[in-house]
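Here's the structure we're looking at; comments come further down.
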Ligand SMILES: [Zn+2]
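Numbering (this note's numbering), first residue to last: 1263 to 1539.
Structure (structure tokens):
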């Protein structure tokens, strides 16, 4: 199928759209039966003066991967640049995530490349802009409505990847799905309070028995370790780089205990429920 309705559906939801050239014909093959939406970051640093640094590569591809590389690129200002109505090389294989089955991710999903650096492999680090986040929520809700699917059919590349992709960085995917569910007018299908997967952003991160630096260490985690965060606890104030926060993440995996929020990928606002006291 071709999603030739994409630009109209996005505009109808209030998203600003730029149709990039012959997007209706641009294609990376024929097998395309999307059931959901996949979120990515481009790893390119964007700014107000350079709002879509990865646009050309998403249209034309790379030496090792022909374009199109997504269906729409979301620029710094939250504008959707529509690139393809057909199969695109964005997802690779899906290992299965939520209701998205294992299989050919480029057949199964529509891809947004959100143009920000994320954890750019040790170079520039950049979070998604608020405009990118807001537009991505509205666009995802509108497209899932069109597909007749709920918010659980929106996934992050790091959830479906079988090759260790980390995108999109610095975003709580459970919270993002909850916001899509709200935009669709339903109830969240994936409440973050049930446990949200978040990464550690420093090596030798101590997991402690209580939310204080004087409590016993039960584990020490490597940089990038995926933790299951149950809730946000208030504990000892910790100051890192001039920022002070009393928030600690209570985690249940890969160990049970507390880690300071400074070294959780979302930063001090974990966007999970407060722990019962
Ligand atoms: Zn990706």
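From the three backbone atoms N, C-alpha and C, an ideal C-beta is built for every residue, glycine too.
Is it the case that the Cβ atoms of residue 1460 and residue 1491 are separated by a distance below 8 Å? yes
Hey, residue 1510 and residue 1499 are a contact pair by Cβ (cut 8 Å); roughly how many whole angstroms apart? About 10 Å; that fails the 8 Å criterion.
Is the beta carbon of residue 1400 less than 8 Å from the beta carbon of residue 1274? no
Going by the C-beta, is residue 1419 closer than 7 Å to any heavy atom of ligand 1? yes
For residue 1435 and residue 1502, I'd like the C-alpha separation in whole angstroms. 25 Å
At the level of alpha carbons, what is the spacing between residue 1327 and residue 1351? Cα to Cα, the separation comes out at about 7 Å.
Coil, strand or helix - residue 1273 by DSSP: helix
Exposed unless 16 or more other CB atoms sit within 10 angstroms - verdict on residue 1287: exposed
Per DSSP, the bridge partner or partners of residue 1520: 1470, 1512
Under the three-state reduction of DSSP, which class applies to residue 1367: helix, strand or coil? helix
I need the straight-line Cα distance from residue 1336 to residue 1474, nearest angstrom please. 40 Å
Collapsed DSSP secondary structure at residue 1320 in the structure displayed: helix
Report yes or no: do the stretch 1314-1330 and the stretch 1399-1417 share at least 3 C-beta pairs separated by less than 8 Å? no
Do the stretch 1336-1345 and the stretch 1353-1367 meet, that is, are 3 or more Cβ pairs less than 8 Å apart? By the criterion of at least three beta-carbon pairs nearer than 8 Å, the stretch 1336-1345 is not in contact with the stretch 1353-1367.
Per DSSP, what kind of secondary structure is residue 1336 in: helix, strand or coil? strand
So for residue 1412, helix, strand or coil by DSSP? coil
Bridge partners for residue 1354 per DSSP, in chain order? By DSSP's assignment, residue 1354 forms no beta bridge with any residue.
Closest Cα partner of residue 1387 within the set 1371, 1417, 1514, 1432: 1432
If contacts are defined as beta-carbon pairs under 8 Å, then residue 1372 and residue 1299 qualify, I think. What distance do you get, rounded to the angstrom? 5 Å
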